[in-house]
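Trainee: Below is one structure. I have some questions about it.
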Amino acid sequence: MSTQVYKYSQALRPTIINLSAEQTAGHGDHWRILTEQIEEDVPNWLKKSIDNATIAAGLHPTLSKEGLSHLLLSCNDMCHVNQVLALKDGKPQNFINAFPCVNSPYGLNCKIDRIIANDDTQDAVLRLISADGSIIYAYDQMYTVNRELYRQDQSYFVNFSAWAYAIQLSDQDEVVRVEDPEAIRYHRAYNDIVAKNNGVIPTDLDQQIEQWQPTSDEALEPVEIKLGNMCAYLFGETLGQEDEAWCQGQVLGKQQQTLYERDLTVFDVAILREPDADPFVVRIATPTTDDTRQIIVNDYIQANIWLQAAIYYENQTED
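Residue numbers (the numbering used here): 87 to 405.
Structure representation (structure tokens):
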């Protein structure tokens with residue numbers, strides 16, 4: 087008589103860090119990107135947004151109001167407002183939260199390492215780890231409908247967008263002078279080896295760097311690195327506000343949009359570019375100013391941003 091052994095496994099949800107009301111920053115500063123008259127303008131915008139609102143489904147293939155405790159109203163426009171309503175027996179009961187959003191076609195495959203959330207307000211910040219190991223924090227536009235579906239070690243395609251508090255051309259005169267001989271040698275060897283390998287990093291890179299010899303004395307002279315022409319992303323340090331970030335990157339696209347008669351400029355910006363990794367591109371919206379009018383495609387910019395993430399069923403692929 088043979089014995090059969092069954093192994094049961096259960097997909098686990100990501101770790102959740104619960105925030106108190108005092109720890110949750112709210113969206114006052116986010117609304118101030120668009121208006122200084124928050125108490126007057128925002129309620130009017132929320133009323134107007136109902137006219138073309140859609141019910142956000144997130145990771146659900148379809149979604150019915152039946153059995154839901156909250157409803158997430160969204161919109162298909164690039165720049166729009168999301169609203170969270172409490173439900174009872176499928177009917178809206180009261181207003182919970184609202185925040186401005188940007189829809190973006192750009193994204194990365196990431197795993198959700200942990201979630202920092204306030205379930206009373208339905209606010210959440212995702213700590214994401216991309217396929218190349220980059221750590222990204224972003225406010226979750228879809229937390230209200232996705233929170234029960236998130237799983238540990240599951241890879242999701244995550245769309246990234248942002249609102250910019252301020253955006254400007256990067257300082258092209260900002261440079262770092264490298265004078266350490268070992269650092270200079272490594273920099274020169276790395277560039278020389280990768281260039282000779284048609285831009286591909288060889289598997290024995292460290293060994294080749296160790297064996298590399300300069301072809302002239304000039305090859306070991308101090309190196310100046312232009313910081314104004316680099317991509318960088320720094321997330322916030324305060325718990326629950328890590329989605330407030332600083333970035334620098336190259337503008338890949340630019341267009342004009344409006345939100346409730348506010349003129350907006352929308353930039354598509356590569357804020358991280360690493361060898362053998364997909365670029366981290368974010369669609370960033372900000373009020374149109376004299377500074378934004380001067381920025382053109384291929385310029386390098388720096389900005390303080392509120393980084394957002396959205397995870398949709400339609401964008402996921404089977405492993």
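Glycine is no exception: its CB is placed at the ideal position from the N, C-alpha and C atoms. Being a predicted model, the structure only gives us computed values, none of them experimental.
So for Y146, helix, strand or coil by DSSP?
Mentor: Tyr is not the amino acid found at residue 146; the sequence shown has His there. Here H146 sits in coil by DSSP.
Trainee: Distance check for L255 and D385, CA to CA, integer angstroms please.
Mentor: For D385 and L255, the distance between alpha carbons rounds to 7 Å.
Trainee: Within 10 angstroms of its Cβ, does A318 collect 16 or more other Cβ (buried), or is it exposed?
Mentor: Classification of A318: exposed, given that the 10 Å Cβ count is below 16.
Trainee: Can we say the segment 222 to 239 touches the segment 151 to 161, given the rule of at least three CB pairs closer than 8 Å?
Mentor: The answer is yes - the segment 151 to 161 touches the segment 222 to 239, with three or more Cβ pairs under 8 Å.
Trainee: Helix or strand or just coil, what does DSSP make of I397?
Mentor: Coil at I397, not helix or strand.
Trainee: Which first and last residues belong to the beta strand (DSSP E) in which H113 is found?
Mentor: Here H113 belongs to no beta strand (DSSP E), and DSSP marks it neither H nor E.
Trainee: Contact defined as beta carbons within less than 8 Å: I believe Q169 pairs with S135. What is the distance between those atoms, to the nearest angstrom?
Mentor: Confirmed, about 7 Å.
Trainee: Compute the beta-carbon to beta-carbon distance between K197 and D226, rounded to the nearest angstrom, for a pair I have assumed lies under 8 Å.
Mentor: The Cβ separation is near 14 Å, so there is no contact.
Trainee: Can you list, in chain order, the residues of its chain with a C-beta nearer than 8 Å to that of Q294? Leave out the 5 residues immediately preceding and following it.
Mentor: Hits under 8 Å: A275, I279, P288.
Trainee: Mind checking who T140 pairs with in its DSSP beta bridge?
Mentor: Per DSSP, S160.
Trainee: Going residue by residue through the segment 351 to 388, where are the continuous beta strand (DSSP E) segments of at least 3 residues, counting only ones entirely within it?
Mentor: For the segment 351 to 388, whole beta strand (DSSP E) runs of length 3 or above, ordered along the chain, are 366 to 373.
Trainee: Along the chain, where does the alpha helix (DSSP H) containing T344 start, and where does it finish?
Mentor: That residue, T344, is in no alpha helix (DSSP H); its beta strand (DSSP E) goes 330 to 345.
Trainee: Using a 10 Å radius around the Cβ and a threshold of 16 neighbouring Cβ atoms, would you call P191 buried or exposed?
Mentor: It is exposed - the Cβ of P191 has fewer than 16 other Cβ atoms within 10 Å.
Trainee: Looking at I387 and Q334, is the spacing between their C-beta atoms short of 8 Å?
Mentor: Closer than 8 Å, so yes.
Trainee: Counting only the same chain and skipping the five closest in sequence on each side, list residues whose C-beta sits under 8 Å from that of P178.
Mentor: These residues qualify, in order along the chain: L157, L171, A172.
Trainee: Let me check one thing: in DSSP terms, what residues is L214 bridge-paired to?
Mentor: For L214, which the question treats as bridged, DSSP gives the partners I198, I222.
Trainee: I'd like to confirm the pairing. Which residues does DSSP put opposite D239 in its beta bridges?
Mentor: Beta-bridge pairing links D239 to no other residue.
Trainee: If you check the beta carbons only, do V352 and L393 fall under 8 Å apart?
Mentor: No, these two residues do not count as a Cβ contact at 8 Å.
Trainee: Since K174 is in the beta strand (DSSP E), which residue starts that stretch and which ends it?
Mentor: Element bounds for K174: 165 to 174.
Trainee: Residue range of the alpha helix (DSSP H) that Q123 falls in?
Mentor: Looking at the DSSP string, Q123 is not in any alpha helix (DSSP H), and its letter there is neither H nor E.
Trainee: Would P308 and V264 qualify as a contact pair, given that the criterion is a beta-carbon distance under 8 Å?
Mentor: Yes, Cβ-Cβ distance for P308 and V264 is below 8 Å.
Trainee: What is the C-beta distance between E328 and V211, in whole angstroms, given that I count them as a contact (C-beta under 8 Å)?
Mentor: Correct: roughly 6 Å between the Cβ atoms.
Trainee: Quick check on the DSSP output: the alpha helix (DSSP H) that includes Q294 runs from which residue to which?
Mentor: Run containing Q294: 291 to 297, per the alpha helix (DSSP H) assignment.
Trainee: What is the DSSP secondary structure of I102, counted as helix, strand or coil?
Mentor: The answer is strand: DSSP assigns I102 an E or B state.
Trainee: Where does E268 sit, in a helix, a strand or coil, going by DSSP?
Mentor: E268 falls in the helix class under three-state DSSP.
Trainee: Do you know how far the Cα of I215 is from the Cα of D364?
Mentor: Using only the alpha carbons, I get a separation of about 13 Å.
Trainee: How would you write the range of the alpha helix (DSSP H) that N180 sits in, first residue to last?
Mentor: That residue, N180, is in no alpha helix (DSSP H); its beta strand (DSSP E) goes 177 to 188.
Trainee: Which residue wins for smallest C-alpha separation from F366, given the options Y223, S160, A203?
Mentor: If we check each option's Cα against that of F366, Y223 comes out closest.
Trainee: Keeping to the same chain, check which residues put their C-beta closer than 6 Å to that of W298; ignore five residues upstream and five downstream.
Mentor: Answer for W298: A275, listed in chain order.
Trainee: I want to know whether the segment 372 to 384 touches the segment 340 to 357 - three or more CB-CB distances under 8 Å.
Mentor: Yes: at least three Cβ pairs fall under 8 Å.
Trainee: State the CB to CB distance for the pair N162 and N401, rounded to an integer number of angstroms; the pair is presumed to be in contact (CB under 8 Å).
Mentor: That belief does not hold up - the Cβ atoms of N162 and N401 are roughly 15 Å apart, past 8 Å.
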